[in-house]
Amino acid sequence: DSVRQNHADARADLEVLGAFETWIDGEWAPAANGETFETIDPVVQEPICSVPRCGAADVDRAVESAQSAFDATWGSLGAADRSRAILAWTETLREHIDELALVESLDGGKPLSHARAEIEFGIEFIEYYANVVRADEGITLPTSDDQHVYTRTEPYGVVGLIVPWNYAFIIAAWKLGPALAAGNAVVLKPAEQTPLSALYAAKLSKSIFPDGVVNVLTGYGEEAGAALSSHPTVGKLSFTGADTTGETIMETAASTVTPVTLELGGKSPYVVFPDVDIDETVRDVAHGIFYNAGQSCDACSRLLVHEDIAEEFLDALVDRAESLEVGDTLQEGTTLGPIISQAQFETVTGYLERGTDAGATLETGGVADESPVDDGWFVEPTVFTDATNDMQIAQEEIFGPVLTVITFSTYEEAVDLANDVPFGLAAGVATSDIDRAHRAAADIDAGSIWVNGSYATPRPGGPFGGFKRSGIGRELSKDALRHYTQEKTVYVSV
Ligand code: NAD
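Quick note: the sequence shown uses our numbering, first residue 215, plus one each step.
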C-alpha cells in the first residue's frame, strides 16, 4: 500500500544506508565473525538495512583504535584545537540534517519533523561542550614560600558510551559532546533497535577527527554492550537505559573500578494545583506524556491533579489526547508514531490490561483501531483514571503513551504521592502561587522540575539526571565535563 511504498522510497533515497557497517578506526568494517542483524522501520515493520552483530573481538578492535588515536594525537591536542574540530563536525552534521532526520525518523519511528528537531537539539548540546571546554579551568592554591600547587584535568583516554533507542541521536550527542571536548576517544554502542543515526554521524566525522577518535559499535547489549562495559582499557562508562541494565553495568564496572554515569528510568509526576490555566497546563501535560509515543525517560506518566478541578481538567485532557494524530511518521501532521518494537508493544499492551484488571478506568486510548499496516504497533494516547498510587500502572515505567491520573486534596498528599515511587528523574508542577511552586520544587525528589510549562525540555547548561533509582551523576551541565576527566594535583617545590 502507499505507506509501505513511501517508506520503501525513503529508504531508497538514502543511498548512505547501503554502506553502513560498524565504524572502527575511521572505516566501515564487518563484525569479526561476519554476522549481521537487521534494523527495523517500526511503522511498516520492514528491515531498513543490516548492520554487523559485533562481539568481544570487535570491542577489542574498537577500543584499541580509540586508544591509539588518543595516544597519537587527540589526547595531546589543546582545548582550542579540540573545540575547533568539534565545531567543524557539528557544521557538517547541520549540512546533512535532512538525511540525518530521515534516518532517525525511519529507525526510531518518529514523526519526521520531530526527528529533525531532535537532531538540531542534539547538535546544540555538542556545540555547547565545544564552547564550554575553552573556558574550563583548574584550581591553583595560594602559593606558599616553598610550594606552588595546581590541578590539571586530564581525559581518561578511552570512554565507553552505551545509549538507548528512544532518543538515539540526542542521547548519543549528550555523551559525545562532553566526552570528546574533554579530550577522550570514544567507543559508542547504540541500541540494537536504532544504530543508524550514530553510524551516520560518525561517518560525517571522517577527516575532521583523527581516525579512531569516534568508533560506533553495532550489536546487542548482552554481547557488544557487555564486552564494552567489562573492557579493562575503558577508563569511564556512561550509560543511559533501563534501571536493571544500569545495575548490571555498575556491577560489571565494579570489577575494574571503572567510574559510571547512569541515566536510568522514571515514573515522573506532574502535579496540578487548582489555581492554574487549565488549557495551557493540559497542553503541557499532553506533550509531556505523549511526545515520542510516551517513550521518554522523563515522560510525566503520573498526573496528580487537585480534586476541585479534576473533572474539568480531565475533560480537556481527554479532548486533547483524542485530537492527537497517531499514524505514519512520514505523513505531515502525525504527532505519535508507533511503539519501537513488537516486544515493547507487548509490554505496553500488558500494562493496558493490568490497569483495567486492577480497577482503573480507561477514559480514552488503547491499541489504535487503525494503523498504517495490519497488526501495527500503534497505541493511542491513553488516559487511566480511578487509579491508586500502588497500582502497577502508577509505579512502573510503561514506556508508552499511557497516563495514570490520581487526584489529591492537600499539598502534603500531593507531595507524598509524587515521591511515593522508586524513581526520581523529573517532575512537573503547575500553580500560580509562587510560594507553593518553590516549596513543591524543593519537596519533590527529582533531578529536574519544570514549573508552569516547557515540561521535559532541558537546556544546555542545566544538569540532568536522577534521584533514587533514576541514576547516578548529571549530564548536560558544564560540570558534566568532570565526568569525563580525572583531576591531578601537582605540587611543585619552589
Ligand atoms: P536498555 O537498558 O535495554 O538498553 C539500553 C542500552 O544498553 C542499549 O544500547 C542496549 O544494547 C544496552 N545493553 C543492554 N543490556 C546490556 C548489558 N548487559 N551490558 C551492556 N549494555 C547493555 O534500555 P532501552 O530499552 O533501550 O531503553 C529504555 C530505558 O532507557 C528506559 O528505562 C528509559 O527510562 C531509559 N532512558 C533513560 C534516560 C535518562 O536520561 N535517564 C533517557 C532515555 C531512556
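Glycine is no exception: its CB is placed at the ideal position from the N, C-alpha and C atoms. These figures come from a predicted structure and were not determined experimentally.
For residue i, which residues from the same chain have a beta carbon less than 6 Å from its beta carbon, with the 5 sequence-adjacent residues on both sides left out?
{"i": "serine 646", "result": "Asp489"}
{"i": "serine 282", "result": "Gly426"}
{"i": "proline 266", "result": "Glu235, Thr236, Pro244, Ala245, Thr250 and Thr432"}
{"i": "phenylalanine 613", "result": "Gln509"}
{"i": "alanine 582", "result": "Val540, Phe592 and Glu594"}
{"i": "phenylalanine 339", "result": "Ala387, Trp388, Gly391 and Pro674"}
{"i": "valine 217", "result": "Asp542 and Pro586"}
{"i": "threonine 466", "result": "Ser443 and Ser444"}
Could you tell me whether the Cβ atoms of residue i and residue j are closer together than 8 Å?
{"i": "valine 485", "j": "threonine 495", "result": "no"}
{"i": "alanine 245", "j": "cysteine 263", "result": "no"}
{"i": "isoleucine 333", "j": "threonine 304", "result": "no"}
{"i": "valine 619", "j": "leucine 528", "result": "yes"}
{"i": "serine 279", "j": "isoleucine 238", "result": "yes"}
{"i": "proline 615", "j": "valine 258", "result": "no"}
{"i": "alanine 572", "j": "glutamine 606", "result": "yes"}
{"i": "glycine 551", "j": "glycine 323", "result": "yes"}
{"i": "aspartate 512", "j": "leucine 326", "result": "no"}
{"i": "glycine 460", "j": "glycine 687", "result": "no"}
{"i": "tyrosine 698", "j": "asparagine 398", "result": "yes"}
{"i": "phenylalanine 622", "j": "lysine 682", "result": "no"}
{"i": "valine 363", "j": "valine 704", "result": "yes"}
{"i": "threonine 253", "j": "leucine 410", "result": "yes"}
Can you tell which of the options has the C-alpha that lies nearest to the C-alpha of residue i?
{"i": "threonine 602", "options": "Glu584, Arg568 and Thr578", "result": "Arg568"}
{"i": "leucine 231", "options": "Val317, Ile311 and Leu291", "result": "Val317"}
{"i": "glycine 371", "options": "Gly352, Leu413 and Val428", "result": "Val428"}
{"i": "asparagine 380", "options": "Val363, Arg366, His310 and Ala405", "result": "Ala405"}
{"i": "glutamate 521", "options": "Thr624, Thr549 and Gly547", "result": "Thr624"}
{"i": "phenylalanine 712", "options": "Leu518, Cys514 and Pro378", "result": "Limits of the chain in this structure are 215 at one end and 708 at the other, which puts residue 712 out of reach."}
{"i": "aspartate 634", "options": "Ala660, Arg653, Asp649 and Leu617", "result": "Ala660"}
{"i": "tryptophan 242", "options": "Ala412, Ala344 and Thr408", "result": "Ala412"}
{"i": "valine 277", "options": "Ala441, Phe678 and Leu538", "result": "Ala441"}
{"i": "leucine 375", "options": "Ala344, Ser419, Tyr364 and Leu476", "result": "Leu476"}
{"i": "alanine 694", "options": "Lys702, Ala467, Pro674 and Ser707", "result": "Pro674"}
{"i": "glycine 667", "options": "Val643, Pro473 and Thr549", "result": "Val643"}
{"i": "valine 471", "options": "Ser358, Leu451, Thr563 and Val708", "result": "Leu451"}
{"i": "arginine 533", "options": "Lys417, Gln259, Ala513 and Thr578", "result": "The question names arginine, but residue 533 is aspartate in the sequence shown. Closest by alpha carbon: Thr578."}
{"i": "isoleucine 523", "options": "Ile492, Thr671 and Ser319", "result": "Ile492"}
{"i": "valine 597", "options": "Ala468, Ala530, Arg225 and Val346", "result": "Ala530"}
{"i": "aspartate 255", "options": "Gly391, Lys403, Ile553 and Ala628", "result": "Ile553"}
{"i": "leucine 631", "options": "Pro483, Leu538, Ala270 and Pro409", "result": "Pro483"}
{"i": "glutamate 351", "options": "Gly292, Tyr434 and Phe504", "result": "Gly292"}
{"i": "alanine 709", "options": "Gly680, Asp588, Ala344 and Leu355", "result": "Nothing can be reported for residue 709, as the shown portion of the chain is limited to 215 through 708."}
{"i": "valine 519", "options": "Gly248, Asp457, Thr599 and Leu550", "result": "Thr599"}
{"i": "valine 373", "options": "Gly564, Ser216, Ala507 and Pro446", "result": "Pro446"}
{"i": "glycine 547", "options": "His328, Arg497 and Gln361", "result": "His328"}
{"i": "aspartate 498", "options": "Trp288, Trp664 and Asp274", "result": "Trp664"}
{"i": "aspartate 312", "options": "Asp227, Asp295 and Pro356", "result": "Asp227"}
{"i": "arginine 330", "options": "Ala382, Val708, Val363 and Glu610", "result": "Ala382"}
{"i": "glutamate 437", "options": "Arg653, Arg348, Ile463 and Phe622", "result": "Ile463"}
Keeping to the same chain, check which residues put their C-beta closer than 7 Å to that of residue i; ignore five residues upstream and five downstream.
{"i": "isoleucine 384", "result": "Glu332, Phe335 and Gly336"}
{"i": "alanine 299", "result": "Ile422 and Phe423"}
{"i": "aspartate 285", "result": "none"}
{"i": "lysine 702", "result": "Thr365, Arg366 and Glu368"}
{"i": "serine 691", "result": "Gly675, Gly676 and Pro677"}
{"i": "alanine 224", "result": "Leu316, Leu320 and Leu544"}
{"i": "leucine 307", "result": "Leu314, Ile337, Ala415 and Leu418"}
{"i": "glycine 502", "result": "Tyr484, Ala513, Cys514, Gly642, Tyr669 and Ala670"}
{"i": "valine 430", "result": "Thr236, Trp237, Leu402, Pro404, Ala412, Leu413 and Ala416"}
I need the boundaries of the alpha helix (DSSP H) containing residue i, first residue and last residue.
{"i": "tryptophan 242", "result": "No alpha helix (DSSP H) holds tryptophan 242; the beta strand (DSSP E) holding it covers 241-243."}
{"i": "isoleucine 463", "result": "457-468"}
{"i": "isoleucine 554", "result": "Unbroken run through isoleucine 554: none, as it is neither H nor E."}
{"i": "arginine 366", "result": "From DSSP, arginine 366 is part of no alpha helix (DSSP H) but of the beta strand (DSSP E) over 361-369."}
{"i": "proline 266", "result": "Element bounds for proline 266: not the alpha helix (DSSP H) but the beta strand (DSSP E), 260-266."}
{"i": "glutamate 341", "result": "326-346"}
{"i": "tryptophan 303", "result": "293-309"}
{"i": "alanine 440", "result": "440-443"}
I'd like the list of long-range same chain contacts for residue i, defined as Cβ closer than 8 Å, with 5 residues on each side in sequence excluded.
{"i": "alanine 608", "result": "Lys481, Arg516, Ala601, Thr602, Thr618, Ile620 and Val635"}
{"i": "alanine 500", "result": "Leu531, Arg534, Ala535, Leu538 and Pro595"}
Taking residue i as part of the beta strand (DSSP E), name the residues at either end of that continuous run.
{"i": "glutamate 477", "result": "474-477"}
{"i": "leucine 451", "result": "450-454"}
{"i": "glutamate 252", "result": "250-255"}
{"i": "isoleucine 648", "result": "Note, isoleucine 648: premise wrong, no beta strand (DSSP E); alpha helix (DSSP H) at 648-657."}
{"i": "isoleucine 620", "result": "616-622"}
{"i": "proline 392", "result": "Premise fails: proline 392 lies in the alpha helix (DSSP H), 382-395, not in any beta strand (DSSP E)."}
{"i": "histidine 719", "result": "As shown, the chain starts at 215 and ends at 708. That puts residue 719 outside it, with no answer to give."}
{"i": "alanine 399", "result": "399-403"}
{"i": "asparagine 633", "result": "No beta strand (DSSP E) holds asparagine 633; the alpha helix (DSSP H) holding it covers 625-633."}
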